[in-house]
Amino acid sequence: MLRLSDVTASYGAAPVLQGISLHVERGETVALLGPNGAGKSTLMAAITGTLPRRGGRIELDGRDLVPEKSHAIVARGVALVPEGRLVFAPFTVEDNLRLGAIRLRGELRERYDYVYRLFPRLAERKEQISGTLSGGEQQMLAIGRALMSNPRLLLLDEPFLGLAPLVVAEIRRALETLRQSGLTLLMVEQKLDIALSFASRAYVLIKGRVALEDSTARLAQRPDIGDLYFALASERSSVLSTK
Numbered sequence: 001m002l003r004l005s006d007v008t009a010s011y012g013a014a015p016v017l018q019g020i021s022l023h024v025e026r027g028e029t030v031a032l033l034g035p036n037g038a039g040k041s042t043l044m045a046a047i048t049g050t051l052p053r054r055g056g057r058i059e060l061d062g063r064d065l066v067p068e069k070s071h072a073i074v075a076r077g078v079a080l081v082p083e084g085r086l087v088f089a090p091f092t093v094e095d096n097l098r099l100g101a102i103r104l105r106g107e108l109r110e111r112y113d114y115v116y117r118l119f120p121r122l123a124e125r126k127e128q129i130s131g132t133l134s135g136g137e138q139q140m141l142a143i144g145r146a147l148m149s150n151p152r153l154l155l156l157d158e159p160f161l162g163l164a165p166l167v168v169a170e171i172r173r174a175l176e177t178l179r180q181s182g183l184t185l186l187m188v189e190q191k192l193d194i195a196l197s198f199a200s201r202a203y204v205l206i207k208g209r210v211a212l213e214d215s216t217a218r219l220a221q222r223p224d225i226g227d228l229y230f231a232l233a234s235e236r237s238s239v240l241s242t243k
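Position 130, counted from 1, in the sequence shown is what the numbering used here calls 130; the numbers after and before it change by one each time, with no gaps.
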């Protein structure tokens with residue numbers, strides 16, 4: 001469904017993505033791992049068109065996304081749950097959800113019902129001001145807002161960041177439901193245990209490059225996976241990624 005080929009991008013003159021190539025199959029769940037500053041969020045921004053790429057191709061179903069504006073990329077079936085949630089704090093829960101469906105024609109009530117079934121807490125708080133929600137509830141709202149556009153590819157940037165274990169479990173159950181429904185997921189994650197137990201494949205990004213790619217089943221079987229991950233982040237990838 002999604003293929004990136006030798007993608008480069010930068011903020012100003014400083015390069016961030018340096019020849020990234022990866023792919024995501026339809027219905028697959030893929031994790032992007034790496035330390036802070038590796039380029040994971042930048043990669044999400046390049047896919048959604050909020051950061052122009054300087055080279056390479058980003059293809060959805062074989063069609064290059066690079067010439068598209070962000071709103072057109074959403075209309076093509078791509079939705080982002082941003083890092084930090086970024087809910088519209090002065091608006092109600094239902095208002096936030098409605099903004100996620102701004103390009104949707106018809107079936108609005110169906111999308112509300114879909115999100116409320118996935119996150120019953122949002123249904124209970126639909127008239128509540130979003131800024132008064134807990135952090136976990138705001139994360140549920142951010143995911144629900146993205147789902148309102150009825151996406152085919154959902155991008156999740158650190159969906160479990162800063163959440164209590166019980167909330168992590170609740171959101172993980174919801175994402176599992178989405179995965180079982182056939183939705184394609186690309187997830188930025190720093191925690192190895194979550195990524196390896198949830199995704200089917202993982203890419204490790206270090207300083208804007210892919211340092212390692214493998215199935216999570218094989219990665220989880222490596223006794224040195226923890227040491228490998230941190231060694232890659234310490235710039236010893238040229239030695240360890242070949243083992």
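Just so it is clear, CB atoms sit at the ideal spot from N, CA and C, and this is done for glycine as well.
What distance in whole Å lies between the Cβ atoms of residue j and residue i, which are believed to be in contact at a cut-off of 8 Å?
| i | j | result |
| --- | --- | --- |
| Ala79 | Leu154 | 6 Å |
| Val30 | Ser149 | Not quite, the Cβ-Cβ distance comes to about 20 Å (not below 8 Å), so this is no contact. |
| Thr184 | Met44 | About 14 Å separates the two Cβ atoms, so there is no contact after all. |
| Ala9 | Leu17 | 4 Å |
| Tyr203 | Leu86 | Going by Cβ atoms, the distance from Tyr203 to Leu86 rounds to 24 Å, so no, they are not a contact pair. |
| Asp6 | Gly56 | 4 Å |
Does residue i pass the burial test, meaning 16 or more other C-beta atoms within 10 Å, or should it be called exposed?
| i | result |
| --- | --- |
| Lys40 | buried |
| Leu4 | buried |
| Tyr112 | buried |
| Ser215 | exposed |
| Pro197 | It is worth fixing the name first, because residue 197 is Ser in this sequence and not Pro. So Ser197 counts as exposed. |
Taking the alpha-carbon positions, what's the residue i to residue j distance?
| i | j | result |
| --- | --- | --- |
| Arg145 | Arg218 | 34 Å |
| Glu213 | Asn96 | 36 Å |
| Ser181 | Arg117 | 14 Å |
| Thr68 | Pro223 | Per the sequence presented here, residue 68 reads as Glu, with Thr not at that position. Going by the C-alpha atoms only, they are around 43 Å apart. |
| Leu178 | Phe119 | 12 Å |
| Ala14 | Arg54 | 12 Å |
| Gly208 | Val188 | 14 Å |
| Ala199 | Leu65 | 24 Å |
| Asp61 | Gln138 | 32 Å |
| Leu133 | Ile20 | 37 Å |
| Glu127 | Phe91 | 9 Å |
| Val24 | Asp157 | 16 Å |
Can you name the residues that DSSP bridges to residue i?
| i | result |
| --- | --- |
| Thr184 | Leu153 |
| Asp214 | Ala202 |
| Gln139 | Looking at the DSSP assignment, Gln139 forms no beta bridge with any residue, so it has no partner. |
| Thr92 | Ile129 |
| Leu4 | Leu22 and Ile58 |
Is residue i near the ligand HEM - that is, is its Cβ less than 6 Å away from at least one heavy atom of it?
| i | result |
| --- | --- |
| Val93 | With respect to the ligand HEM, the structure shown offers nothing to examine, as it has no ligands at all. |
Unbroken beta strand (DSSP E) runs of length 3 or more, entirely within the segment 21-64: which are they? As summarised for the segment 21-64, the continuous beta strand (DSSP E) elements at least 3 residues long and confined to that stretch are 29-33 and 53-60, given in chain order.
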